[in-house]
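Each remark here refers to the structure printed beneath this line.
In this note's numbering, the protein residues as written are 1 to 74.
So this is what it looks like as structure tokens:
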């Protein structure tokens, strides 16, 4: 049984398009954006929960994982 949730992570192919869509939905920009280990990230705070967008960016372990099909994730 789930009793709490810190944040959700969504993988997108295009971080800028994802950020633009959620900015429009939430009516505010993300709290922050970063790039590391082959991934670009953006984080939105949503009251008692958060939403993190991740997209491949360059090369690295995160880019490799983001390029996998959903059925390949473990």
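We put the beta carbon where it would ideally sit given N, CA and C, even for glycine.
Which one of 64, 20, 3, 32 has the shortest CA to CA distance from residue 75? Shown here, the chain extends from 1 to 74; a query on residue 75 therefore has no answer.
Using only alpha-carbon positions, find the residue among 24, 35, 43, 1 that is nearest to residue 10. Taking the chain shown and counting its residues from 1, the one referred to as residue 10 is at position 10. Taking only the C-alpha atoms, the option nearest residue 10 is 43.
Consult DSSP for residue 8 and reduce its assignment to one of helix, strand or coil. Along the chain shown, one-based indexing puts residue 8 at 8. Note: residue 8 maps to strand in three-state DSSP.
Short of 8 Å in beta carbon distance, which residues of its chain neighbour residue 26, apart from the five on each side in sequence? Order them along the chain. The count along the chain shown starts at 1 and reaches residue 26 at position 26. Closer than 8 Å at the Cβ level, and outside the excluded window around residue 26, lie 44, 46.
Counterpart residues of residue 35 in DSSP-defined beta bridges: Here the question's residue 35 lines up with position 35 in the chain shown. Answer is 40, bridged to residue 35.
Assuming residue 51 and residue 15 form a contact by the criterion Cβ under 8 Å, report the distance between their Cβ atoms to the nearest whole angstrom. The sequence position of residue 51 within the chain shown is 51, counting from 1. The sequence position of residue 15 within the chain shown is 15, counting from 1. Not a contact, Cβ separation roughly 13 Å.
Figure out for me which residue from 12, 8, 68 has the closest Cα to the Cα of residue 49. Mapped onto the chain shown, residue 49 falls at position 49. Ranking 12, 8, 68 by Cα distance to residue 49 puts 8 first.
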